[in-house]
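Asks: Below are the structure tokens for one structure; questions will follow.
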Amino acid sequence: MAVLEVLHWPDERLRQVSEEVVLFDAALRAFIGDLEATRQAGPSAVGIAAPQVGYHRRIVIVDCSRTRKPVPHHGHLVLINPEILSREGYALGREGCLSVPDYTGNVPRAEHIRLRALDPAGGIHEYDMEDFEARVVQHEIDHLNGRVFLDRVVNRRADVFRRKR
Amino acid sequence: MNEWLMLTVVGEDRPGIVARLSRELVQAGAHLGEASMLRLGGSFTMMLMVRGDFAIDALREDLASVGESLALHIHIDPMTGDLHQHRVPEVRVHVHGADRVGIVAEVTEVLAGIGFDIFTLDSDVAGLHAAPIYVMQIEGVAADGVEAVEAALAPLRVQGIDVRVEGIETLVG
Numbered sequence: 001m002a003v004l005e006v007l008h009w010p011d012e013r014l015r016q017v018s019e020e021v022v023l024f025d026a027a028l029r030a031f032i033g034d035l036e037a038t039r040q041a042g043p044s045a046v047g048i049a050a051p052q053v054g055y056h057r058r059i060v061i062v063d064c065s066r067t068r069k070p071v072p073h074h075g076h077l078v079l080i081n082p083e084i085l086s087r088e089g090y091a092l093g094r095e096g097c098l099s100v101p102d103y104t105g106n107v108p109r110a111e112h113i114r115l116r117a118l119d120p121a122g123g124i125h126e127y128d129m130e131d132f133e134a135r136v137v138q139h140e141i142d143h144l145n146g147r148v149f150l151d152r153v154v155n156r157r158a159d160v161f162r163r164k165r
Numbered sequence: 001m002n003e004w005l006m007l008t009v010v011g012e013d014r015p016g017i018v019a020r021l022s023r024e025l026v027q028a029g030a031h032l033g034e035a036s037m038l039r040l041g042g043s044f045t046m047m048l049m050v051r052g053d054f055a056i057d058a059l060r061e062d063l064a065s066v067g068e069s070l071a072l073h074i075h076i077d078p079m080t081g082d083l084h085q086h087r088v089p090e091v092r093v094h095v096h097g098a099d100r101v102g103i104v105a106e107v108t109e110v111l112a113g114i115g116f117d118i119f120t121l122d123s124d125v126a127g128l129h130a131a132p133i134y135v136m137q138i139e140g141v142a143a144d145g146v147e148a149v150e151a152a153l154a155p156l157r158v159q160g161i162d163v164r165v166e167g168i169e170t171l172v173g
């Protein structure tokens with residue numbers, strides 16, 4: 001397994017929309033190994049998406065099993081062609097990105113999602129995800145669609161909503 | 001290029017302060033770094049990192065006329081430090097209560113006592129003129145974690161200060 005080079009914003013390749021995976025072969029499994037090695041080489045990333053290493057296929061890895069404070073999670077997941085079937089709720093949370101070093105910001109995301117994705121063998125799975133894990137998946141799927149969290153970040157003072165008198 | 005300077009600007013709020021001042025800085029050959037600009041009590045305030053091939057006195061002179069025309073107090077200091085010094089906060093403390101003397105001192109003394117490093121503190125006075133409310137949010141890093149912050153601040157609640165402590169889990173992906 002090789003650690004791949006992570007693209008950094010504003011590299012235009014991070015704007016490119018990724019294509020669906022159609023071949024579930026040894027090359028896919030080898031790439032997933034490299035992507036996982038790259039995730040683990042970074043600063044404790046809970047997720048990574050294929051386009052972050054310049055490979056424009058719809059592949060992400062998430063793993064929320066080792067957060068500082070435990071959160072509900074489904075363990076280590078390789079999600080191929082992931083698709084959000086439904087979204088519910090709305091919350092702000094702090095995000096950073098391997099592709100945007102030295103910056104974190106508050107981003108609004110759905111609190112609950114229902115997700116459908118394939119595994120590396122092509123099997124179909126559905127997941128109900130909440131809070132942090134749901135946020136990570138939304139962050140990674142954004143990468144597949146050519147978006148980074150900077151596109152969604154809100155004012156750092158905006159996490160309390162005040163009403164004018 | 002010289003080291004960074006810290007520009008501090010305060011004046012009565014009106015449209016165009018940032019545009020006028022930043023244009024003046026461009027013309028003086030200044031690069032801008034990180035900034036905090038906000039309205040406090042009807043004044044507009046700026047803290048702004050500035051760097052360029054000029055002496056402090058020369059920059060002060062360059063900004064004098066715009067400062068005068070907009071009635072701004074402008075102050076410039078040399079600073080140590082640089083860009084890319086961000087730290088990620090791990091704990092957020094929300095405080096609110098009827099406004100009275102001493103809330104900030106009481107809360108931050110407790111935090112200092114447990115080694116809490118404050119990265120940002122935002123506060124507002126809200127509510128009615130006759131019954132003001134003090135609202136404060138602090139973010140930073142606590143040496144012994146979020147539980148230690150909760151335990152240390154809990155006694156303040158009996159003094160009528162509402163305190164909420166939460167961990168901040170930052171997603172990196």
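Protein chains in written order, with UniProt numbering: chain A, 1 to 165; chain B, 1 to 173. Built from N, CA and C at the ideal position, the CB exists for glycine as well. Treat the numbers as computed from the prediction; the structure is a model and nothing was measured.
Leaving aside the five residues before and after A:Gln16 along the sequence, list all residues of the same chain whose C-beta is less than 8 Å from its C-beta, in chain order.
Replies: Pro51, His56 and Gly146
Asks: Would you say B:Ile168 faces chain A, with C-beta separation under 8 Å as the test?
Replies: yes
Asks: Taking only beta-carbon atoms, is B:Leu5 less than 8 Å away from chain A?
Replies: By this cut-off, B:Leu5 is not an interface position.
Asks: Using 8 Å for Cβ pairs, my map puts A:Leu7 next to A:Ser99. What's the rounded Cβ distance?
Replies: 6 Å
Asks: Would you call the CB atoms of B:Asp99 and B:Tyr134 closer than 8 Å?
Replies: yes
Asks: Using a Cβ-Cβ cutoff of less than 7 Å, which residues in the same chain neighbour A:Gly54 once the five nearest sequence positions on both sides are dropped?
Replies: By the criterion of a C-beta distance shorter than 7 Å, A:Gly54 is surrounded in its chain by Leu7 and Arg13, once the five residues flanking it on both sides are discounted.
Asks: Based on Cα-Cα distance, which residue from B:His129, B:Ala130, B:His96 and B:Gly140 lies nearest to B:Ala112?
Replies: Nearest C-alpha to B:Ala112: B:Gly140.
Asks: Note down, in chain order, each residue of its chain lying with its Cβ closer than 7 Å to the Cβ of A:Asp131, except the 5 sequence neighbours on either side.
Replies: Val71, Pro72 and Glu111
Asks: Starting from the C-beta of B:Val149, find all residues in its chain whose C-beta is less than 8 Å away, skip the five residues before and the five after it, and write them out in chain order.
Replies: Val91, Val93, Leu111, Ile114, Phe116, Ala142 and Val165
Asks: Give me the chain B residues within the contact set of A:Glu140, using Cβ-Cβ distance strictly less than 9 Å, ordered along the chain.
Replies: Gly173
Asks: Taking the CB atoms as reference points, tell me whether A:Leu118 and A:Leu85 lie closer together than 8 Å.
Replies: No, these two residues do not count as a Cβ contact at 8 Å.
Asks: Could you pull the DSSP bridge partners for B:Met47 from this structure?
Replies: B:Thr8 and B:Ser36
Asks: Here's the rule I'm using: 16 or more other beta-carbon atoms within 10 Å means buried, otherwise exposed. How should B:Ala130 be labelled?
Replies: exposed
Asks: Can you list the residues of chain B that A:Arg68 reaches, using a CB-CB cut of under 8 Å?
Replies: The answer, in chain order, is Glu90, Gly167 and Glu169.
Asks: Residues of chain B with CB under 9 Å from A:Leu98, in chain order?
Replies: Val172 and Gly173
Asks: Per DSSP, what kind of secondary structure is B:Thr108 in: helix, strand or coil?
Replies: If DSSP states are grouped into helix, strand and coil, B:Thr108 belongs with the helices.
Asks: Identify the contact partners of residue 207 of chain A in chain B, using a Cβ-Cβ distance below 7 Å as the criterion.
Replies: As displayed, chain A neither begins before 1 nor continues past 165, which places residue 207 of chain A out of reach and without an answer.
Asks: Would you mind telling me which residues of chain A sit closer than 9 Å to B:Ala86, beta carbon to beta carbon, in chain order?
Replies: Before going further, note that residue 86 of chain B is His rather than Ala in the sequence given. Correct list: Asp102, Tyr103 and Thr104.
Asks: Is the separation between the beta-carbon of A:Ile48 and that of A:Ile61 shorter than 8 Å?
Replies: yes
Asks: List, in order along the chain, the chain B residues whose C-beta lies closer than 7 Å to that of A:Ile48?
Replies: Gly173
Asks: Alpha carbon to alpha carbon, how far is residue 176 of chain B from B:Thr45?
Replies: This structure does not reach residue 176 of chain B, given that chain B is present from 1 up to 173, and the question cannot be answered.
Asks: Under 8 Å Cβ-Cβ, which residues of chain B neighbour A:Val136?
Replies: Leu171 and Gly173
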